[in-house]
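Enquirer: First the structure, which I've put down as structure tokens, then a few questions once you've had a look.
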Amino acid sequence: MKISDELKKEIKRTVLELLLLLCLPLIVVTGVCIKEHFDKHFTHFNAKRTALMEEIFDIKVDDSVKLIRYDDNSILAAITETLKLETDDYERFMSENVNAELELDESRKGRDFLLYKYKYKSKNVSKQLSVESLENGKYLITLTYWD
Numbered sequence: 018m019k020i021s022d023e024l025k026k027e028i029k030r031t032v033l034e035l036l037l038l039l040c041l042p043l044i045v046v047t048g049v050c051i052k053e054h055f056d057k058h059f060t061h062f063n064a065k066r067t068a069l070m071e072e073i074f075d076i077k078v079d080d081s082v083k084l085i086r087y088d089d090n091s092i093l094a095a096i097t098e099t100l101k102l103e104t105d106d107y108e109r110f111m112s113e114n115v116n117a118e119l120e121l122d123e124s125r126k127g128r129d130f131l132l133y134k135y136k137y138k139s140k141n142v143s144k145q146l147s148v149e150s151l152e153n154g155k156y157l158i159t160l161t162y163w164d
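Our numbering applies: residue 18 is where the sequence shown begins, and numbers increase by one.
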């Protein structure tokens, strides 16, 4: 049985279209990963990124802490970094996982969330910790560092 030239062209075109469709998701995922890497905003934390968060925010990450999102919005000399994490017990987190003295910011009293400011014992930098209650009974903690 002989296959016509037109049928061969149609099969080639179909195979090329299928390859393109299969490669498209790979290209999109690669682009998103590269963008996330260069933008310094990430939601996936491996051991290296977790160690970096511990260093920047002077915290200890253990099984009771789930890192959610890191944002680095620094521009030239103005450094602004934010880390969002989730925990079951924010008081335990603040006493066991934060390696700095916490001071309650009284100016925020009476709002829907608690706000604590904390500073390093050995470094003169501004840091802030805010706690927000979530519907699932957990707490969203936002750590902000600026210099």
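Ideal placement from N, C-alpha and C gives every residue a C-beta, glycine not left out.
Which two residues bound the contiguous beta strand (DSSP E) that contains residue 102?
Expert: Per DSSP, residue 102 belongs to the beta strand (DSSP E) from 97-104.
Enquirer: Specify the secondary structure class of residue 150 as computed by DSSP and reduced to three states.
Expert: Residue state, collapsed to three classes: strand.
Enquirer: Taking the C-alpha atoms as reference points, what is the distance between residue 57 and residue 164?
Expert: Spanning the two alpha carbons is a distance of roughly 17 Å.
Enquirer: Would the beta-carbon of residue 39 be found less than 7 Å away from any heavy atom of the ligand NAD?
Expert: This structure lacks the ligand NAD; in fact it carries no ligand of any kind.
Enquirer: Output the distance between the C-alpha atoms of residue 107 and residue 45, rounded to the nearest integer angstrom.
Expert: Their Cα atoms are separated by approximately 37 Å.
Enquirer: Are the Cβ atoms of residue 85 and residue 103 separated by less than 8 Å?
Expert: Yes, they are a contact pair.
Enquirer: Assuming residue 159 is part of the beta strand (DSSP E), what are its boundary residues?
Expert: Where residue 159 is concerned, the enclosing beta strand (DSSP E) stretches over 156-163.
Enquirer: Helix, strand or coil: which one does DSSP assign to residue 62?
Expert: If DSSP states are grouped into helix, strand and coil, residue 62 belongs with coil.
Enquirer: On the three-state DSSP scale, how would you describe residue 29?
Expert: Three-state result, residue 29: helix.
Enquirer: Just tell me which of 64, 95, 98 has its CA closest to the CA of residue 83.
Expert: Of 64, 95, 98, the residue nearest in Cα terms is 64.
Enquirer: By Cβ distance, which residues of its chain are closer than 6 Å to residue 87, with the 5 residues on each side in sequence left out?
Expert: Cβ neighbours of residue 87 beyond the five flanking positions: 59, 100.
Enquirer: Could you give the distance in angstroms between the alpha-carbon of residue 78 and the alpha-carbon of residue 71?
Expert: Using only the alpha carbons, I get a separation of about 7 Å.
Enquirer: Any idea what DSSP makes of residue 37, helix, strand or coil?
Expert: If DSSP states are grouped into helix, strand and coil, residue 37 belongs with the helices.
Enquirer: Would you mind sorting residue 114 into buried or exposed? The rule is 16 or more other CB atoms within 10 Å of its CB.
Expert: Label assigned to residue 114: buried.
Enquirer: For residue 81, which three-state DSSP category applies?
Expert: Note: residue 81 maps to coil in three-state DSSP.
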